[in-house]
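S.K.:
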Amino acid sequence: MAEVLLQLNGISKSFPGVKANENISFEINSGEIHALLGENGAGKSTLVKMIYGLMQPDSGNMKLGSENFRPSEPSKARQSGIAMVFQHFSLFDALNVAENIALGMENPPKINDLSQKIETVSKSYGLPLDPKRLVGQLSAGERQRVEIIRCLLQNPKLLIMDEPTSVLTPNEVTTLFETLLRLKKEGKSILYISHKLEEIREICDFATILRNGEKVGSCTPKNTSAKKIGEMMVGKSFSSPSRKNRTFGEELIKVSNLSVHSKDFFGTSLSNINFSVRVGEILGIGGVAGNGQDEFLGALSGETKTSPKTITLLDQHIGHLRPNQRRELGLRAAPEERLGHAAAPAMSLVENTLMTSHSKDVIDKWGIINFKNISTKTSRIVSEFDVRTPTLDNTAASLSGGNLQKFVIGREILEKPKVFVVNQPTWGVDAAAAAFIRQSILNLASQQSAVIVISQDLDELFEICDTFAVLTNGYMSRIYELGHLSSEDVGLLMGGSDLDLDSHAQT
Amino acid sequence: MIAMLRLEKRRNVSRAWAVTTPLIAVFLTMLFGGIMFGLLLDEFASAFSAIKLIFWDPLFDESFASYARPQLLVKAGPIILIAIGLSIGFKAGIWNIGAEGQYILGAIFGASVALSFYPQESIFIFPIMVLAGAVGGFIWGLIPALLKVYFKTNEILVSLMLVYVAENILASVSQGLLRNPDGMGFPGSRNFKDYPSAFNEEIIINSGMHWGVITAFISVILAYFLFLKHQKGYEIRISGEAPKAAYFAGINPSKTIIFCLGTSGLLAGMAGLFEVAGPAGQITISFNSGYGFTAIIVAFLGRLNPIGILLAGLLMALTYIGGEIAQLMLGLPGASIQLLQGMLLFFLLATDIFTNYRLKFRSL
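Residue numbers (the numbering used here), protein chains in the order written: chain A, -3 to 503; chain B, 40 to 403.
(1) Taking only the alpha-carbon atoms, compute the straight-line gap between S10 (chain A) and D54 (chain A) and give it to the nearest angstrom.
(2) Can you have a look at G215 (chain B) and say buried or exposed, based on whether 16 or more other CB atoms are within 10 angstroms of its CB?
(3) Out of A:F432, A:E210, A:M58, A:T391, which one is the CA nearest neighbour of D382 (chain A)?
(4) With 8 Å as the threshold, decide whether the Cβ of M46 (chain A) is near any Cβ in chain B.
(5) Between B:V188, B:A310, B:I244, which lies nearest to F256 (chain B) when the distance is taken from Cα to Cα?
(6) Shorter than 8 Å from the beta carbon of A94 (chain A) to some beta carbon of chain B?
(7) Do you know how far the Cα of G294 (chain A) is from the Cα of G347 (chain B)?
(8) Apply the 10 Å Cβ neighbour rule to D290 (chain A) and answer buried if 16 or more other Cβ atoms are within range, or exposed otherwise.
(9) Closest to F339 (chain B) by C-alpha separation, out of B:I127, B:Q270, B:D96, would be which residue?
(10) Check whether the stretch 291 to 310 of chain A touches the stretch 273 to 280 of chain B, counting contact only when three or more Cβ pairs, one atom from each stretch, lie closer than 8 Å.
(11) Which residues, in order along the stretch 378 to 389 of chain B, keep a beta-carbon less than 9 Å from a beta-carbon of chain A?
(12) I'd like to know if H269 (chain B) contacts chain A, where contact means its C-beta is closer than 8 Å to some C-beta of that chain.
(13) Mind checking if A501 (chain A) is an interface residue toward chain B, Cβ cutoff 8 Å exclusive?
(14) Within the continuous beta strand (DSSP E) that includes Y121 (chain A), where are the two ends?
(15) First and last residue of the beta strand (DSSP E) that includes K271 (chain B)?
(16) Kindly indicate the opening and closing residues of the alpha helix (DSSP H) around M309 (chain B).
(17) Determine the chain B residues that contact H191 (chain A) at a beta-carbon separation under 9 Å, and present them in chain order.
(18) Mind the definition here: the stretch 131 to 141 of chain B touches the stretch 324 to 342 of chain B only if three or more C-beta pairs lie below 8 Å; say whether that holds.
(19) Any beta carbon of chain A sitting closer than 8 Å to that of K283 (chain B)?
(20) On the DSSP bridge list, what partners appear for F256 (chain B)?
(21) Count the other CB atoms, across all protein chains shown, that sit within 10 Å of the CB of G301 (chain B); report buried if there are 16 or more and exposed otherwise.
(22) For a contact defined as C-beta to C-beta under 7 Å, what are the partners of Y286 (chain B) on chain A?
(23) Hey, is I277 (chain B)'s beta-carbon within less than 8 Å of any beta-carbon in chain A?
(24) Can you give me, in chain order, the residues of the stretch 341 to 355 of chain A that have a beta carbon less than 9 Å from any beta carbon in chain B?
(25) Should A55 (chain B) be counted as a contact of the ligand ZN given a C-beta to heavy atom distance under 7 Å?
(26) With S198 (chain B) and Q321 (chain B) assumed to form a contact (beta carbons below 8 Å), what rounded beta-carbon distance in angstroms separates them?
(27) Beta-carbon of Y273 (chain B) versus every beta-carbon of chain A: anything under 8 Å?
(28) Rounding to the nearest angstrom, what Cα-Cα distance links E47 (chain B) and L78 (chain B) in this structure?
(29) Evaluate H84 (chain A) with the Cβ neighbour count: other Cβ atoms within 10 Å of its Cβ, from every protein chain shown; 16 or more gives buried, anything less gives exposed.
(30) Quick one, which residues of the stretch 313 to 332 of chain A are near chain B if we go by CB-CB under 9 Å, in chain order?
(31) How far does the alpha helix (DSSP H) with T171 (chain A) in it extend, from its first residue to its last?
(32) At the 8 Å Cβ level, is H84 (chain A) part of the contact set with chain B, yes or no?
(33) What are the start and end residues of the beta strand (DSSP E) that includes D126 (chain A)?
(34) According to the Cβ coordinates, are M248 (chain B) and L98 (chain B) closer than 8 Å?
(35) Taking DSSP's pairing of strands, which residues face M507 (chain A) in a bridge?
(36) Taking DSSP's pairing of strands, which residues face Q312 (chain A) in a bridge?
If you want it as structure tokens, here you go:
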């Protein structure tokens, strides 16, 4: 029997109005990859933050080895041999890899010695990384490697990884898993946080499942079906979206020779993108974030203007029009960043509804806002899209991620757009909300609209899309019919190669 | 167990605190201002009377009120008018620091128009002056706006530097172009008190109420309506709140910049005109008295809310007048009054934190 590395006993933590963790107990053995599973808001992050010393439990205790363990800050946790790779990287784009790693160290060695160390560690764990490269030029997968190597340099006993695969391509996931297995072989433990069931079944030895802040079960993932684990996570069985058979009609939107120079220094410029989407069609655009997705959405939403003929909506050239003008013509978009882009954080839901409403019943010709009508509109979004909020006057920032996303998507879909473009529709959203959002996208497509879904989540694209292309480094692949693609094909496309398939959807 | 105080972010902004913090800030200012005066005067008994002289006597003491009460509106009028304009830009995250310059230009434009009609009498002269004052301030506000839109310059720097340009123009015209030809060579224009058609007279005798004060009150109402009900007010707020979201909504940032700087310039220009045509009476080298800068403090003291600005403007005017009285009666140094005004802003900002955060005890 392997020895116990970390033991949690009755950990509880509450915030005003919420019990984030209640009486959670489990053990992590040495040399074990332990999955911590749960929907968003289940309490996973709070729990690991307590292990990593970012927060302290209200009650309960932890034992590391045989000693009591209660880190008051992350540096204490690191000294005890606990390291963490966050979902959102804390790296500086304008510094190189070695400099970034040195910044996070308490007593950094000379940069040359450190570079050498980085190279040694990166080689021995199969994580190729050049210490002299600027972080701004690295892909998301490479950035994650920087974070992992930063942790490995501390020679930790327990490595915590928060949703590590959410930003990776299938090939990068394979590399990551090899590294994790190597670490396991060395006797290190890994606490692996995720809601992706398949990958947990692939590499984890044991899983603890949280729901609403409580531990609801544990299992050996390899011997438990994904369906069963999913039901434990959600607490009920939910149906996957139903797709009716849709026939494709006329071409609704056509994009030709779209090239955009990114305004952001570390952004990705778009090069010569051509495609079209038909009535009833859902086009999925895969690819890892940072390959031009934001720029792509901006060009379609109207935040970036192009020459008129670049974008044609139903025979009308609209490349030069602003976002509100495009909305009037029936082209609507939902950007990825919910707070600050799709919604104004400190403004109420009613005011956020106003963001993309410009019709006469909402704002008259004198510019006077009709708050009664806009409130009615808002309450329709809230009720039809199941947005859980105490009142319509609550600020966007006070909503949970999933609820705000339902609001943002509902706001656009209820206006019945002819073409709807959405970037990462279910990013950071719990499973039930994600299923709901996907279903509403499918419903929209069956009501004579065309939809473009940009997503990193390939499962999602496979679930709802009809046609598929990949955005890599600002270039878009040809469009393929999704039914003819295997996940290996997709991996190849994401690597930038073209497929030799004759089942080309649109010629 | 060690108990520790900790700030915790509120999920929703507390309305109750938003209203009470200014009152607490005023109270703390009185308390610490009193201590300061006590130390200055070496006698704590007179500390109370200093505070009473500043905050109470200008309004309610018989010997001061007849002079001080009208002065309250005379001083508060331009400050409120300018601060309302500034608050519009501040809400959008556009920082016009140069209202003082726009105020000067408004005065020069309006005065020039009046002097060019001199000595004709007509009821149209005063309205034309007001218009000219508005145009003067508008143009001066438009300069940083256009430079920002076309060359991405920083409006804080440009508007501030234009204050110094305006001051030099003021010095130049009061010694040259606009100098009173009958003034025996002294710098300064004709006095509008002697030119009835151009004079901004008190509407009610001994009330301090002149057209500028009326305009200030109207601007409060219009600004209140703008942010409550109007699309433009909404666009301004969202531009300040989340610029990216505003752009996504289809709001043109250039138009917002021009509107905000233009409007605040326009109101400051009008304030300058009403001042030169009324209380000041003439263009002089030292015509401007810092209202444009005081208005920045008032805009924040009033939390960029029109009603708040109205009250803050009155309070600030009170400390000016009361301060003068206290200097006169107790021989307090002028700097101590400025210190008192600084305290007011300091305490307001310090207590402000409780509207967004709550204090919590935590045991370690």
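Every residue gets a Cβ at the ideal spot worked out from N, C-alpha and C, and that includes glycine.
M.R.: According to the data block:
(1) 7 Å
(2) exposed
(3) A:F432
(4) no
(5) B:A310
(6) no
(7) 39 Å
(8) buried
(9) B:I127
(10) no
(11) none
(12) yes
(13) With a pLDDT of 43 at A501 (chain A), under the threshold of 50, the predicted position of this residue should be treated as unreliable, though the coordinate-derived value follows. No - not a single Cβ of chain B is within 8 Å of the one on A501 (chain A).
(14) Unbroken run through Y121 (chain A): none, as it is neither H nor E.
(15) Segment 270 to 280 is the alpha helix (DSSP H) holding K271 (chain B); no beta strand (DSSP E) there.
(16) Taken as a continuous stretch (DSSP letters only), the alpha helix (DSSP H) holding M309 (chain B) covers 292 to 316.
(17) Those within 9 Å of H191 (chain A) in chain B number zero; the least Cβ separation is about 25 Å.
(18) yes
(19) Interface residue, yes.
(20) Note: F256 (chain B) sits in no beta bridge, so no partner.
(21) Result: buried.
(22) E299, listed in chain order.
(23) Yes - at least one Cβ of chain A is within 8 Å of the one on I277 (chain B).
(24) P341, A342, M343, E347, N348, L350, M351, T352, H354
(25) Among the components of this structure there are no ligands whatsoever, and the ligand ZN is therefore not found.
(26) Actually they are not in contact, since the Cβ atoms of S198 (chain B) and Q321 (chain B) sit about 26 Å apart, beyond 8 Å.
(27) Yes, its Cβ sits closer than 8 Å to a Cβ of chain A.
(28) 37 Å
(29) exposed
(30) R318, P319, N320, Q321, R322, R323, A329, P331
(31) Going by DSSP, T171 (chain A) is part of the alpha helix (DSSP H) stretching over 166 to 181.
(32) no
(33) That residue, D126 (chain A), is in no beta strand (DSSP E); it is neither H nor E in DSSP.
(34) no
(35) With chain A covering -3 to 503 only, the question about residue 507 (chain A) has no answer from this structure.
(36) Paired residues: A:L309.
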